[in-house]
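Peer 1: One structure is given below, represented as structure tokens, and several questions about it will come after.
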Amino acid sequence: LPFSRHASAIAGPQPQHGVQQLSQSYNKQQLEEARDQFLMSVSHELRSPLTEIRGYINLVLEHGDQLDEATRSTFLQSASYGCDELELIIRNVLDMSQVEKEGKPIYIQELPLAATIAEICEHIYLQEHTLELSISPGLVVLADRQQLRQILRNLISNACKYSPAHTEVVICASLRKDNTVCVCVKDEGAGIEAADMPHLFQKFSRLKRDAASSVHGTGLGLYICKQFVEGMGGRIWVESEGIAGQGSRFCFTLRQPDVDR
Ligand code: ADP
Numbered sequence: 102l103p104f105s106r107h108a109s110a111i112a113g114p115q116p117q118h119g120v121q122q123l124s125q126s127y128n129k130q131q132l133e134e135a136r137d138q139f140l141m142s143v144s145h146e147l148r149s150p151l152t153e154i155r156g157y158i159n160l161v162l163e164h165g166d167q168l169d170e171a172t173r174s175t176f177l178q179s180a181s182y183g184c185d186e187l188e189l190i191i192r193n194v195l196d197m198s199q200v201e202k203e204g205k206p207i208y209i210q211e212l213p214l215a216a217t218i219a220e221i222c223e224h225i226y227l228q229e230h231t232l233e234l235s236i237s238p239g240l241v242v243l244a245d246r247q248q249l250r251q252i253l254r255n256l257i258s259n260a261c262k263y264s265p266a267h268t269e270v271v272i273c274a275s276l277r278k279d280n281t282v283c284v285c286v287k288d289e290g291a292g293i294e295a296a297d298m299p300h301l302f303q304k305f306s307r308l309k310r311d312a313a314s315s316v317h318g319t320g321l322g323l324y325i326c327k328q329f330v331e332g333m334g335g336r337i338w339v340e341s342e343g344i345a346g347q348g349s350r351f352c353f354t355l356r357q358p359d360v361d362r
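Per full-length UniProt numbering, residue 102 is the first one in the sequence shown, and the count goes up by one each step.
Here's what the structure looks like:
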């Protein structure tokens, strides 16, 4: 299998619905090993943005008076980017725990899609990619704003991590024939083979090519996206030809208010 999975590597396929089933089908030693592997992996993931943040802050602290304004600002922006990465990892871990233990509270409201996505993206700083929005005007969706934000942050972060620098990430959204709204995040990266697609949304799944590379990841982002999208009554999937450079499109649906009335 072209996958690397931290917890399930110990005892076969991952159960579909979280911790309770996990404790029923795994013995105590396997659970402890899975927990240790998970903690090691998350600590490792946290260390990398932390090192980056410390590096840039130290540069400014130690050489600030020799740096021109633009360079100092770039360094601080890079440190801030590291903080975003840290926050996303921590958020995903907390969300995983909450989704599985008690179910995450959800606050569904009517949101104007173009304005909401634009506002979310305004606070996402991309280091080496450009982000383009192409959202049909006038769309209104039923969604939890925080969860929509987390879904987009995960998908945009992946689009950047798994595609070459200086390529474009595009977010588009349009109405489908079944009256749901489809939001897609498209990149120009390595793409994904059809056989691998269903596995990516399982907890801790990473493509082996990425697990073996220097690209960091916990394998939690797409799992969280799936939980949130389905909690809001939608569906999530990926489209790709599996051809390097032609990239992937991660798409999810959201309901519209009118359809429910
Ligand atoms: P993480 O990125 O932290 O490893 P995710 O759950 O977000 O975890 O993604 C799971 C895996 O799916 C990634 O490790 C990577 O192998 C693959 N993947 C996700 N997004 C993309 C993408 N845009 N292009 C190619 N592969 C991707």
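Glycine is no exception: its CB is placed at the ideal position from the N, C-alpha and C atoms.
1. Considering only the beta carbon of each residue, do R310 and G320 sit closer than 8 Å?
2. Would you say N128 touches the ligand ADP, meaning its beta carbon is less than 7 Å from a heavy atom?
3. Among G346, L323 and A345, which has the Cα closest to the Cα of W338?
4. Examine the Cβ distances between the stretch 292 to 308 and the stretch 247 to 262 and report whether three or more of them are shorter than 8 Å.
5. Go ahead and pull the three-state DSSP assignment for S235.
6. Between which residues of its own chain and S237 is the CB-CB distance below 7 Å, once the five residues before and five after are set aside?
7. Quick one: which unbroken alpha helix (DSSP H) runs of 4-plus residues sit fully inside the stretch 221 to 296? Chain order, please.
8. From what residue to what residue does the beta strand (DSSP E) around I207 run?
9. Using DSSP with H/G/I as helix, E/B as strand and the rest coil, what is R192?
10. Locate the beta strand (DSSP E) running through R350, then write down its first and last residues.
11. Report the residue from G343, S341 and G332 whose alpha carbon sits nearest the alpha carbon of residue 379.
12. Please return the same chain residues whose Cβ sits closer than 7 Å to the Cβ of R250, not counting the five positions on each side in sequence.
13. In three-state DSSP terms, what is G343?
14. Would you mind working out which of G343, C261, K278 and R136 sits nearest S198, comparing C-alpha positions?
15. Whole-angstrom Cβ separation of I190 and E146, contact assumed at under 8 Å?
16. Just checking L308 against the ligand ADP - is the residue's beta carbon closer than 7 Å to any of the ligand's heavy atoms?
17. If you follow the beta strand (DSSP E) that R307 is part of, which residue opens it and which one closes it?
18. Assuming P358 and L243 form a contact by the criterion Cβ under 8 Å, report the distance between their Cβ atoms to the nearest whole angstrom.
Peer 2: Let's see:
1. no
2. Flag unset: Cβ of N128 not near the ligand ADP.
3. Selected option, being the one with the closest Cα: L323.
4. The stretch 292 to 308 is not in contact with the stretch 247 to 262.
5. strand
6. A274, S275 and L276
7. As far as the stretch 221 to 296 is concerned, its whole alpha helix (DSSP H) runs of at least 4 residues are 246 to 262.
8. Here I207 belongs to no beta strand (DSSP E), and DSSP marks it neither H nor E.
9. helix
10. S349 to L355 is the extent of the beta strand (DSSP E) around R350.
11. Nothing about residue 379 can be reported from this structure: the residues present for the chain run from 102 to 362 only.
12. I221
13. coil
14. R136
15. Indeed, because the Cβ distance is near 5 Å, the residues count as touching under 8 Å.
16. yes
17. S306 to L308
18. 6 Å
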